[in-house]
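Colleague:
Chains as they are written, first to last, in our numbering: chain A, 7 to 414; chain B, 7 to 414.
1. Could you tell me whether the Cβ of residue 174 of chain A comes closer than 9 Å to any Cβ of chain B?
2. In the structure shown, what three-state DSSP assignment does residue 315 of chain B receive?
3. According to DSSP, simplified to helix, strand and coil, what is residue 408 of chain A?
4. Rounded to the nearest angstrom, what separates residue 13 of chain A and residue 315 of chain B at their Cα positions?
5. For the pair the region 389-400 of chain A and the region 335-352 of chain A, tell me if three or more CB-CB distances fall below 8 Å.
6. When the Cβ atoms of the region 149-157 of chain A are set against those of the region 284-304 of chain A, are three or more pairs found closer than 8 Å?
7. Using the C-alpha atoms, what's the distance from residue 7 of chain A back to residue 145 of chain A?
8. Evaluate the contact criterion for the region 118-127 of chain A versus the region 136-145 of chain A: three or more CB pairs, one atom per stretch, below 8 Å.
9. Alpha helix (DSSP H) containing residue 253 of chain B: first to last residue?
10. Which of the three DSSP states, helix, strand or coil, is assigned to residue 98 of chain B?
11. Along the chain, where does the beta strand (DSSP E) that runs through residue 274 of chain B open and close?
12. How big is the Cα-Cα spacing for residue 377 of chain A and residue 337 of chain B?
13. Please classify residue 400 of chain A: is it buried, with 16 or more other beta-carbons within 10 angstroms of its beta-carbon, or exposed?
14. Specify, as a first and last residue, the run of the beta strand (DSSP E) that residue 383 of chain A falls within.
15. Taking CB distances under 9 Å as the criterion, tell me whether residue 102 of chain B reaches chain A.
16. Residues in its own chain within less than 7 Å of residue 80 of chain B by CB, not counting five upstream and five downstream?
17. Flag residue 202 of chain B as yes if its beta-carbon sits less than 9 Å from any beta-carbon of chain A, otherwise no.
18. Less than 9 Å separating the beta-carbons of residue 210 of chain B and residue 259 of chain B?
19. Report back the beta-carbon spacing between residue 251 of chain B and residue 59 of chain B to the nearest angstrom; my notes put them in contact at under 8 Å.
20. Short of 8 Å in beta carbon distance, which residues of its chain neighbour residue 139 of chain A, apart from the five on each side in sequence? Order them along the chain.
21. Going residue by residue through the region 30-95 of chain A, where are the continuous beta strand (DSSP E) segments of at least 3 residues, counting only ones entirely within it?
22. In whole angstroms, give me the CA-to-CA distance for residue 159 of chain A and residue 191 of chain A.
23. Cutting at 6 Å between CB atoms, please list the residues of its own chain near residue 293 of chain B, excluding the five before and the five after it.
24. Which residue comes first and which comes last in the alpha helix (DSSP H) that contains residue 166 of chain B?
25. Residues of chain B with CB under 8 Å from residue 140 of chain A, in chain order?
26. For residue 170 of chain B, which residues of its own chain have a beta-carbon under 8 Å away from its beta-carbon, when the five flanking residues on both sides are left out?
27. Closest by CA to residue 70 of chain B, which one among A:212, A:328, A:179 and A:26?
28. May I have the straight-line CA-CA distance separating residue 131 of chain B from residue 20 of chain B, to the nearest angstrom?
29. If we count the other Cβ atoms within 10 Å of its Cβ and call it buried at 16 or more, is residue 402 of chain A buried or exposed?
30. What's the gap between the Cα of residue 359 of chain A and the Cα of residue 219 of chain A?
31. Using a Cβ-Cβ cut-off of 6 Å (strictly less than) and excluding sequence neighbours within five positions of residue 75 of chain B, which residues of its own chain qualify?
32. Compare the beta carbon distance of residue 99 of chain A and residue 265 of chain A with 9 Å and say whether it is the shorter of the two.
33. Using a Cβ-Cβ distance cut-off of 9 Å, determine whether residue 250 of chain B contacts chain A.
34. Skipping 5 residues on each side, what residues in its chain have a beta carbon closer than 7 Å to that of residue 90 of chain A?
35. What do you get for residue 31 of chain B, buried or exposed, if any count of 16 or more other CB atoms within 10 angstroms of its CB means buried?
36. For residue 205 of chain A, write down the residues that DSSP places opposite it in a beta bridge.
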């Protein structure tokens, strides 16, 4: 039997999804599982999008242009203009989810063996995409005690080698919920120009900024025309994760022509998803207002309630709908699996994503988990209650009186 | 300005799509362009599929399982059982088009620098996917004078090196329309086992076999359980290219667990496409009968008419809906661009895919082009007429009396 590839063996299983078989088994045993492990919102897709689908009347579901329908790209350029990002439809390639935008950017910009610096914890699949592209992630660890703020620029400078080609951020951040300030971004701009690097920004949670904070995009910074690359997605903005529509955006023509060749190879992004993505651009402001209010309520409840559990610490997120929390356990991977395999409270349990997979530094985040507050309040209440009860009976819970220092 | 990657520079522009800007410009000048360059059928998507879309009533368009919906995979296993391919739903991963199935297979099975042998001309995007995966294509040239039959097995043996990990075929073949016989496949089976290789088979045109010929799948051969990997797609079968739904199929558990990790990284295949793919499995036999009759009529017309043009030779395809034809020109790339830029006949022109991009051997296929007979008869008639008239006035047409030897 021929051997599979090394990258096939090394490819990490998703920490968000690797426990799915245990969740499925729990459900088969009749246990209700609250999914805080995955950013799959229960918010309704906008009516304008669902209506566009109902009105779809093509008789042949055809390929689109490899860069996506021109009508969609043109309208999308208008969306960015409204945000203060001045681009045209030729600076946009519609991708199959934000995932493909990241892959196109990695592959177009970095040779195998070259490096991208990313503050950790970071969206776990960046690791997978880096392995796919044969590139190396250099992590710079951010700290739960600062709410996972941007590490100091001197840390970045220390990490840069001759093989470093890019810095990547996710803003607002998945998994931490941190929102980078304009000042932090200007620091990144300076270092990127100083060392002639690309700056990749995953800004798919742009609309989810709380407490009056404003989002500032890498595409709004002057002088970064050739360096800045934006990865975007409709998945969370309009709660339509399943359409698999994202976008790669840059003013750098060389990158865009390279990415277009990758796009041509896979022919076209999903045609129906584009119909929905384009229609979603007409989503009324009221929709976002309601979604915003809902997430603020969920965030305030879940962070408050988690911090009341002995030994648990959850920093207050300023954006997105995640938080990386610390737990009074030594091995959150074991605890999260145990929650599904060995625990239930009133026939319910909760599924979390162990945070170790969100770090590239081995041994980091072992007592942390990512939660996504994407369920309605009542479900969140039950989920937090399950977590509280579980920590009371989990055999390896650490005495919170000794270890719960992060809150102080 | 930071430099883009080598693979970004080397990635080939799709020969099927690279002339699109010239076609768009021709259309803006008011010229009707007949698209024989791309396998985008004008056949209607089955009613069952369009109805399923109309009946879609989810309020949240969610991610699916990374391997695809279980209901779809289960029903798809039934489709394969009916073809004599005995697999279950765990041996199927639903992919974003056949393209992603090929990428998952290349990356799961081959390390960068390792080799896959493919008879050429081959589906041009295999080159792009190989470059993406960092692997090397070893081409073995098939011959227009044998209708592009499988080259002799001794040619394969000569090509095998210690880095060779796989042989890949497309059956029925895109771009040649050749259908490999059971005997040819058994020869491949023997060599694959002898050298402990994977056998990749792209069988997306399975339903398009003509003149009573039967399709034989690599999944039907005994002894290849660990070696055979099937790449499939709904695009052409149901004329729904835009849904971007394919499948990776193997009985080799190690490969499937590796591929699942790649699938998890990109979260899920398109959800709406899966609804359509699943519904399409109920397409009535009559639909296929009509499609078959239509393609037979198109094939017989187009191949007959092309062979009447002085200097043109088109072998009779036994499957799929393509043919690689030879033209009385020295440089088909130039000719195909000229057709769009400098030619029109009664305000019409024709777009072909230059065949050079379907070869990995530099300098091969320079006088060849791929045609896709995916348009209705009347359009095909006009398209062939355009080609005939074009060759009369193209400044670099070679005297057919001297060069048209392939027909003899």
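From the three backbone atoms N, C-alpha and C, an ideal C-beta is built for every residue, glycine too.
Modeller: Taking the geometry as given:
1. The beta carbon of residue 174 of chain A sits no closer than 9 Å to any beta carbon of chain B.
2. coil
3. Note that residue 408 of chain A scores 45 on pLDDT, short of 50, meaning its location in the model is unreliable; the coordinates nonetheless yield the value given after this. Residue state, collapsed to three classes: helix.
4. 51 Å
5. yes
6. no
7. Cα-Cα distance, rounded: 37 Å.
8. yes
9. No alpha helix (DSSP H) contains residue 253 of chain B, which is instead part of the beta strand (DSSP E) from 252-256.
10. strand
11. No beta strand (DSSP E) holds residue 274 of chain B; DSSP gives it neither H nor E.
12. 59 Å
13. Only buried fits residue 400 of chain A, as 16 or more other CB atoms lie within 10 angstroms of its CB.
14. Unbroken run through residue 383 of chain A is the alpha helix (DSSP H), 383-399; no beta strand (DSSP E).
15. yes
16. 95
17. Yes, its Cβ sits closer than 9 Å to a Cβ of chain A.
18. Not a contact, by the Cβ cut-off of 9 Å.
19. Going by Cβ atoms, the distance from residue 251 of chain B to residue 59 of chain B rounds to 13 Å, so no, they are not a contact pair.
20. So the list reads 109, 112, 113, 116 and 118, once near-sequence residues are dropped.
21. 38-41
22. Straight-line Cα distance between these residues: approximately 11 Å.
23. 52
24. Counting along the chain, residue 166 of chain B falls outside any alpha helix (DSSP H), and DSSP gives it neither H nor E.
25. 118 and 140
26. Short of 8 Å from the beta carbon of residue 170 of chain B, and not among the five residues preceding or following it, lie these beta carbons of its own chain, in chain order: 120, 121, 122, 123, 144, 201 and 203.
27. A:26
28. 7 Å
29. exposed
30. 27 Å
31. 280
32. For residue 99 of chain A and residue 265 of chain A, yes; Cβs fall inside 9 Å.
33. Interface residue, yes.
34. 226
35. exposed
36. In DSSP, residue 205 of chain A forms a bridge with A:173 and A:234.
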